[in-house]
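Participant: This structure is in structure tokens; I'll ask about it shortly.
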Amino acid sequence: MTTTKLFRLIWRINAVIVLAVGIVVTGFMIAGLAVFVKEQLRTSNNNTIKVRTDENAIVKTELKYGKFSKVAGANYMVASIQAKQDYSNYGIANSKEQTNVAFSNCVFVNLADDSTGFLLPHNDSLIVYHEAVTKESKTLTNDDEIAPTLLFSYRIVKNDTNNDGRLNLDDKKTIAFSDISGANLTDIITNVDEVLNTERLNDNTMIYIYRANEKIFISGVNLAERKVVSTKELPQLN
Numbered sequence: 051m052t053t054t055k056l057f058r059l060i061w062r063i064n065a066v067i068v069l070a071v072g073i074v075v076t077g078f079m080i081a082g083l084a085v086f087v088k089e090q091l092r093t094s095n096n097n098t099i100k101v102r103t104d105e106n107a108i109v110k111t112e113l114k115y116g117k118f119s120k121v122a123g124a125n126y127m128v129a130s131i132q133a134k135q136d137y138s139n140y141g142i143a144n145s146k147e148q149t150n151v152a153f154s155n156c157v158f159v160n161l162a163d164d165s166t167g168f169l170l171p172h173n174d175s176l177i178v179y180h181e182a183v184t185k186e187s188k189t190l191t192n193d194d195e196i197a198p199t200l201l202f203s204y205r206i207v208k209n210d211t212n213n214d215g216r217l218n219l220d221d222k223k224t225i226a227f228s229d230i231s232g233a234n235l236t237d238i239i240t241n242v243d244e245v246l247n248t249e250r251l252n253d254n255t256m257i258y259i260y261r262a263n264e265k266i267f268i269s270g271v272n273l274a275e276r277k278v279v280s281t282k283e284l285p286q287l288n
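Numbers 51 to 288, taken from the numbering used here, label the letters of the sequence shown in order.
Put into structure tokens, the structure is as follows:
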């Protein structure tokens, strides 16, 4: 009986030791698993696909001419220069190829002598708006079969003003005019965030309502002189 009791006591002690060791080992395993999961989450967050920048994209740019169109009432044709960019974003699990097409310049052809000229000296800007400004219908003469073009109006992104590695609508824009030949490009209003509206007041005056630096402005532009003649800030809304 004494021997039996001794064996039972030893067995119980061994069981307690095994249980304690098991608890300790389980604790280490849980702690190790927690560290592993935390490390995996940290690594995954550092390698997820980002919005394209110059640092994580391989960019291939191809320039081509867009569709040529006749300038109304003039012996010129105009076409946009399209910049096609192919790039890849690389992530932890996959890579994604994308294509972006933007207007980076304009080319003008003089039909009288087949000479050509470009609006900008380089193809590194973004033209987000391009429109012909024509003579008003109420001032047309009998010799005018169609409203002739007076000039061209543009909104151009020249610089990466928000430093996100690309040119897009989030950057500051410049409102500019050029001759019908594309020559004499003139900056009219700079640092524009968004053009809210335009209105042709008369044959020689264009009104622009735009947002710049969290403020709303209204400016009158003399088309013949290509300059701002008046600017007022709209009241702030409380």
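Quick reminder that beta carbons are idealized off the backbone N, C-alpha and C, glycines included.
Looking at the unbroken beta strand (DSSP E) that takes in Leu201, where does it start and where does it end?
Facilitator: By one-based count along the sequence shown, residue 201 stands at place 151. Looking at the DSSP string, the run of the beta strand (DSSP E) that includes Leu201 is Thr199 to Val207.
Participant: By how many angstroms is the C-alpha of Asp163 removed from the C-alpha of Glu244?
Facilitator: The residue labelled residue 244 in the question sits at position 194 within the sequence shown. The residue labelled residue 163 in the question sits at position 113 within the sequence shown. Taking the straight line joining both Cα atoms gives about 39 Å.
Participant: Taking just the CA atoms, how far does Leu246 sit from Asn95?
Facilitator: As a first step, residue 95 is located in the sequence shown; it is residue number 45 there, counting from the start. As a first step, residue 246 is located in the sequence shown; it is residue number 196 there, counting from the start. For Asn95, the pLDDT reaches just 32, beneath the cut-off of 50, and the residue's location in the model is therefore unreliable, leaving the point undetermined.
Participant: Leu235 to Leu219, Cα distance in whole Å?
Facilitator: Residue 235 sits at position 185 when you count from the first residue of the sequence shown. Residue 219 sits at position 169 when you count from the first residue of the sequence shown. Between Leu235 and Leu219, the C-alpha separation is close to 21 Å.
Participant: Whose CA, out of Lys185, Ile196, Asp174 and Asn125, lies closest to the CA of Ser165?
Facilitator: Numbered from its first residue, the sequence shown carries residue 165 at position 115. The shortest Cα separation from Ser165 among Lys185, Ile196, Asp174 and Asn125 belongs to Asn125.
Participant: Classify Asp229 as helix, strand or coil using the three-state DSSP reduction.
Facilitator: On the sequence shown, residue 229 is found 179 positions in, with the first residue counted as 1. Of the three classes helix, strand and coil, the one that applies to Asp229 here is coil, per DSSP.
Participant: What do you reckon, are the CB atoms on Ile177 and Tyr204 nearer than 7 Å?
Facilitator: Counting from one through the sequence shown, the residue named residue 177 turns up at place 127. Counting from one through the sequence shown, the residue named residue 204 turns up at place 154. Against a cut-off of 7 Å, the Cβ pair of Tyr204 and Ile177 comes out as a contact.
Participant: Hey, how far is the Cα of Val271 from the Cα of Glu181?
Facilitator: Residue 271 sits at position 221 when you count from the first residue of the sequence shown. Residue 181 sits at position 131 when you count from the first residue of the sequence shown. Using only the alpha carbons, I get a separation of about 16 Å.
Participant: For Val159, which three-state DSSP category applies?
Facilitator: What you label residue 159 is simply residue 109 of the sequence shown in a count that begins at 1. Three-state result, Val159: strand.
Participant: At the level of alpha carbons, what is the spacing between Ala262 and Asn241?
Facilitator: Taking the first residue of the sequence shown as position 1, residue 262 is located at position 212. Taking the first residue of the sequence shown as position 1, residue 241 is located at position 191. Distance between the alpha carbons of Ala262 and Asn241 is about 7 Å.
Participant: Return yes when the Cβ of Ile196 is within less than 7 Å of the Cβ of Thr224, no when it is not.
Facilitator: Counting from 1 along the sequence shown, the entry for residue 224 is found at position 174. Counting from 1 along the sequence shown, the entry for residue 196 is found at position 146. Result no, Cβ atoms of Thr224 and Ile196 do not sit closer than 7 Å.
Participant: Find the nearest neighbour of Lys114 within the set Ala152, Arg250, Ser175 and Gly123, judged by alpha-carbon distance.
Facilitator: For the purposes of this step, residue 114 is taken as the residue at position 64 of the sequence shown. Here the closest residue by C-alpha is Ala152.
Participant: What does the Cβ neighbour count give for Asn212, buried or exposed, with the cut at 16 atoms within 10 Å?
Facilitator: For the purposes of this step, residue 212 is taken as the residue at position 162 of the sequence shown. Its Cβ having fewer than 16 others within 10 Å, Asn212 is exposed.
Participant: Within this structure, are the beta carbons of Pro171 and Lys185 separated by less than 7 Å?
Facilitator: Residue numbering aside, residue 171 sits at position 121 when the sequence shown is read from its first letter. Residue numbering aside, residue 185 sits at position 135 when the sequence shown is read from its first letter. It is not a contact, given that the beta carbons lie outside the stated cut-off.
Participant: Looking at the structure shown, is Val279 part of a helix, part of a strand, or coil, going by DSSP?
Facilitator: By one-based count along the sequence shown, residue 279 stands at place 229. Residue state, collapsed to three classes: strand.
Participant: Note down, in chain order, each residue of its chain lying with its Cβ closer than 6 Å to the Cβ of Lys282, except the 5 sequence neighbours on either side.
Facilitator: Residue numbering aside, residue 282 sits at position 232 when the sequence shown is read from its first letter. These residues qualify, in order along the chain: Ile268.
Participant: Check each candidate in Glu264, Leu273, Lys265 and Ile266 and name the one with the smallest Cα separation from Met300.
Facilitator: This structure cannot settle anything about residue 300, because the visible part of the chain is limited to 51 through 288.
Participant: Taking the C-alpha atoms as reference points, what is the distance between Ala122 and Leu287?
Facilitator: For the purposes of this step, residue 122 is identified with residue 72 of the sequence shown, where counting begins at 1. For the purposes of this step, residue 287 is identified with residue 237 of the sequence shown, where counting begins at 1. Distance between the alpha carbons of Ala122 and Leu287: 42 Å.
Participant: Would you identify the three-state DSSP class for Gln132, choosing helix, strand or coil?
Facilitator: Position 82 of the sequence shown, counted from the first residue, corresponds to residue 132. In this structure, Gln132 counts as strand in the three-state DSSP scheme.
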